[in-house]
């Protein structure tokens, strides 16, 4: 089923100069290989079109069920040079989680149990 | 062996270190005050006043905690010294004279990270301090440099602890060393015990952002975390390098697999190469086990030999900037803000004011997520116009700040939010990361202990 990425993963982002890092964490271990297949560096680069002006690198952390993305040239120069409201890239995590993904329904339901989404639907 | 985190940056919650000391047993309290840009702010303060240039809040905090530190035997390790650890110590010594403790406090200062005072000498000796991102030599911006500090590792903190310091005040120490130096000291790890030191680095990374490891800024079931009085992380370390992340039970916040994982990936580059002055840690080897009850066990960390070079953080003057904000209300809030931006830019053009960059953002209509937020909702209750400029000429930036207020009467309708007055002009401090041979720094590192 097609769901926003936030149904199956959560994230935290931060800055290093003009680069943003977004650590994406799967809610369940069974989702990790699927996210690894779906959320490629290219896909993320495309998602942040008009925001990330440089390249995107991806690192895999199977031990933490996490993917780490580096979005280069994304902060208008970074640090105090940047004129951006979000000069530290703190909200890029939520921006990545807007991405739409196609994930098997049983895996989404499993994630909903972990994230608390199923309780909120009740 | 417990190392508690009490401060994740300068300006963090002042109650946290007191709660760490008073709500349960700890052996060490680490306090991180220095972000990349903090050094240049402190350097500016020192230029104006030779007795300034350190985190003043730290002195108040130590004064408040002094009796507890002595009676409980808690040692403090902090980089609060900024660009002037000696002045920080002097302030501590002077003010501690009035505090009644059973015995005097031993205060250690660590110096040697400051390259600013000998920058020309260092450059003349052939260290080009090339920008790690652009490859340019520092000589291209030498005249504009305001601060240059090498990141020191555990060495000088270990020396201070060996000399039985109660409070260690450093300048630009690596944030993680404030946590792993106490571990090396207590467990007697060898300096080439890369796996254990790497485990200490991981512990340091978890501690260095305060509540962020304990349910602060979490996207995982964030509604369920009580953050009024959050616990800050505590590392319960074992000699074998494994440790448990936890918090005081009587405080809020939350420690679980999610809170620790979120902090582990924060500000992460290549996870297999987390470089510190004392080892290279491999974050892809970390194993987490959520034990429940706000306890997460960390094992399996592997590391590699320390790098030959030390990182240097340099700040240089990068011009001036200012940001102005005005709020437009429903109806057509976004459209009005766009119209105001057009008027303002037209007036800047009319004055012939040019800048290196002008940026307009619409808060409430995609300022954070840009095009990902979709097109602005026409019924949005209000939108804040946020317009910023940056340029080398202070006078031009100053002139820009006078163009916001006229929009109140001579601009689009239903505008408010101007009570704060004319925007302030800020000097931009640009960041220049570089590398330097260890020897240049380590040969001048000094550790001094004073009783107060």
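Chains as they are written, first to last, in the numbering used here: chain W, 1 to 122; chain Z, 123 to 574. C-beta atoms are modelled at their ideal positions from N, C-alpha and C, and glycine is treated no differently.
Is there a C-beta anywhere in chain Z that falls below 8 Å from the one on residue 58(W)?
Residue mapping note: residue 58(W) aligns to position 58 of the first chain, counting from 1. Chain Z contact via Cβ: absent.
CB-CB under 7 Å to residue 361(Z), same chain, minus the five flanking residues each way: which ones, in chain order?
Along the second chain, read from residue 1 onward, the residue named residue 361(Z) stands at position 239. 309.
6 Å CB neighbourhood of residue 243(Z) in its chain, flanking five on each side removed
Residue 243(Z) sits at position 121 when you count from the first residue of the second chain. For residue 243(Z), where only same-chain residues beyond five positions count, there are no Cβ hits under 6 Å.
Does residue 156(Z) have its Cβ less than 8 Å from a Cβ in chain W?
For the purposes of this step, residue 156(Z) is taken as residue 34 along the second chain, with counting starting at 1. For residue 156(Z), the answer is no, since every Cβ of chain W falls outside 8 Å of its Cβ.
Quick one: is residue 336(Z) near chain W, going by C-beta distance under 8 Å?
Translated into positions along the second chain, residue 336(Z) becomes position 214. Chain W, which has no Cβ nearer than 8 Å to the Cβ of residue 336(Z), makes this no.
What does residue 76(W) reach in chain Z if we use C-beta pairs closer than 8 Å?
Within the first chain, residue 76(W) is the residue found at index 76, counting from 1. 479 and 481, listed in chain order.
When you compare the CB of residue 39(W) with every CB in chain Z, is at least one pair closer than 8 Å?
If you number the first chain from 1, residue 39(W) lands on position 39. Judged by the 8 Å Cβ criterion, residue 39(W) is not in contact with chain Z.
Does the Cβ-Cβ distance between residue 350(Z) and residue 278(Z) come in under 8 Å?
For the purposes of this step, residue 350(Z) is identified with residue 228 of the second chain, where counting begins at 1. For the purposes of this step, residue 278(Z) is identified with residue 156 of the second chain, where counting begins at 1. No, the pair does not count as a contact, with Cβ atoms beyond the cut-off.
In whole angstroms, what separates the C-alpha of residue 385(Z) from that of residue 472(Z)?
Position 263 of the second chain, counting from 1, holds the residue named residue 385(Z). Position 350 of the second chain, counting from 1, holds the residue named residue 472(Z). Computed Cα separation, rounded: 49 Å.
Which of helix, strand or coil does DSSP assign to residue 548(Z)?
Mapped onto the second chain, residue 548(Z) falls at position 426. Residue state, collapsed to three classes: strand.
Counting only runs of 3+ residues fully inside the segment 277–344 of chain Z, write out the beta strand (DSSP E) ranges in chain order.
289–291
Taking 8 Å as the threshold (C-beta atoms), are residue 93(W) and residue 30(W) in contact?
Counting from 1 along the first chain, the entry for residue 30(W) is found at position 30. Counting from 1 along the first chain, the entry for residue 93(W) is found at position 93. No, the pair does not count as a contact, with Cβ atoms beyond the cut-off.
Just mark residue 96(Z) as buried or exposed, buried being the case when its beta carbon has 16 or more other beta carbons within 10 Å.
Residue 96(Z) falls outside the range modelled here, since chain Z spans only 123 to 574, and no answer is possible.
Looking at residue 529(Z) and residue 373(Z), is the spacing between their C-beta atoms short of 8 Å?
Along the second chain, read from residue 1 onward, the residue named residue 373(Z) stands at position 251. Along the second chain, read from residue 1 onward, the residue named residue 529(Z) stands at position 407. Pairing residue 373(Z) with residue 529(Z) gives a Cβ-Cβ distance that is not under 8 Å.
Does the segment 192–212 of chain Z come within contact of the segment 541–561 of chain Z, defined as at least 3 CB pairs closer than 8 Å?
no
Tell me the DSSP secondary structure of residue 45(W) in three-state form.
Here residue 45(W) is taken as the residue at index 45 of the first chain, counted from 1. Three-state result, residue 45(W): helix.
What does residue 115(W) reach in chain Z if we use C-beta pairs closer than 9 Å?
By 1-based counting over the first chain, the position of residue 115(W) is 115. Under the 9 Å cutoff, chain Z gives 342 and 343.
According to DSSP, is residue 136(Z) helix, strand or coil?
If you number the second chain from 1, residue 136(Z) lands on position 14. The answer is coil: DSSP assigns residue 136(Z) none of H, G, I, E or B.
Check this for me: beta carbons of residue 3(W) and residue 74(W), under 8 Å apart or not?
Start at 1 with the first residue of the first chain, and residue 3(W) comes out as number 3. Start at 1 with the first residue of the first chain, and residue 74(W) comes out as number 74. In this structure, residue 74(W) does not lie closer than 8 Å to residue 3(W) by Cβ.
Residue 152(Z): first and last residue of the uninterrupted alpha helix (DSSP H) it sits in
Residue numbering aside, residue 152(Z) sits at position 30 when the second chain is read from its first letter. Premise fails: residue 152(Z) lies in the beta strand (DSSP E), 150–153, not in any alpha helix (DSSP H).
Is there a Cβ of chain Z sitting closer than 8 Å to that of residue 54(W), yes or no?
By 1-based counting over the first chain, the position of residue 54(W) is 54. Answer no: the Cβ-Cβ gap between residue 54(W) and chain Z never drops below 8 Å.
Can you check whether the C-beta of residue 186(Z) is within less than 8 Å of a C-beta belonging to chain W?
On the second chain, residue 186(Z) is found 64 positions in, with the first residue counted as 1. No, residue 186(Z) lies away from the interface with chain W (no Cβ there is under 8 Å from its Cβ).
My output table needs one value for residue 508(Z): the three-state DSSP class, helix, strand or coil.
For the purposes of this step, residue 508(Z) is taken as the residue at position 386 of the second chain. Here residue 508(Z) sits in strand by DSSP.
Where residue 2(W) sits in the DSSP three-state scheme
What you label residue 2(W) is simply residue 2 of the first chain in a count that begins at 1. Judged by DSSP in its simplified three-state form, residue 2(W) adopts strand.
Cβ of residue 508(Z) less than 8 Å from any chain W Cβ?
Taking the second chain and counting its residues from 1, the one referred to as residue 508(Z) is at position 386. Answer yes: the Cβ-Cβ gap between residue 508(Z) and chain W drops below 8 Å somewhere.
Determine, using beta carbons only, whether residue 34(W) comes closer than 8 Å to chain Z.
The residue labelled residue 34(W) in the question sits at position 34 within the first chain. No, no contact with chain Z.
Nearest CA to the CA of residue 100(W): which residue from 81(W), 47(W) and 70(W)?
Here residue 100(W) refers to the residue found at position 100 of the first chain. Nearest option by C-alpha distance: 47(W).
Residues in the segment 417–431 of chain Z having any Cβ partner in chain W nearer than 7 Å
none
Just how far apart, CA to CA, sit residue 217(Z) and residue 186(Z)?
Position 95 of the second chain holds residue 217(Z). Position 64 of the second chain holds residue 186(Z). Taking the straight line joining both Cα atoms gives about 11 Å.
By the criterion of Cβ-Cβ separation under 9 Å, what are the contact partners of residue 159(Z) in chain W?
Indexing the second chain from 1 puts residue 159(Z) at position 37. Ordered by position in chain W, the residues that pass the 9 Å Cβ test against residue 159(Z) are 79 and 80.
CA-to-CA distance, residue 487(Z) to residue 498(Z), given in whole angstroms:
The residue given as residue 498(Z) occupies position 376 in the second chain. The residue given as residue 487(Z) occupies position 365 in the second chain. Distance between the alpha carbons of residue 498(Z) and residue 487(Z) is about 5 Å.
Ignoring anything shorter than 4 residues or poking outside the segment 442–510 of chain Z, list the alpha helix (DSSP H) runs there in chain order.
Counting only runs of 4+ residues, the alpha helix (DSSP H) found wholly inside the segment 442–510 of chain Z occupies 455–472, in chain order.
8 Å contact criterion, which residue 67(W) and residue 61(W) should meet: CB distance rounded
The count along the first chain starts at 1 and reaches residue 67(W) at position 67. The count along the first chain starts at 1 and reaches residue 61(W) at position 61. The Cβ separation is near 7 Å, so the contact holds.
Beta-bridge partners of residue 9(W), as assigned by DSSP
Your numbering for residue 9(W) matches position 9 in the first chain. Beta-bridge pairing links residue 9(W) to 26(W).
Suppose contacts are defined by Cβ-Cβ distances below 8 Å. Is residue 505(Z) in contact with residue 438(Z) by that definition?
The residue given as residue 505(Z) occupies position 383 in the second chain. The residue given as residue 438(Z) occupies position 316 in the second chain. No, they are not a contact pair.
Nearest-angstrom Cα distance between residue 369(Z) and residue 237(Z)?
Stepping through the second chain from its first residue, residue 369(Z) is reached at position 247. Stepping through the second chain from its first residue, residue 237(Z) is reached at position 115. Straight across, the Cα-Cα distance linking residue 369(Z) with residue 237(Z) is about 38 Å.
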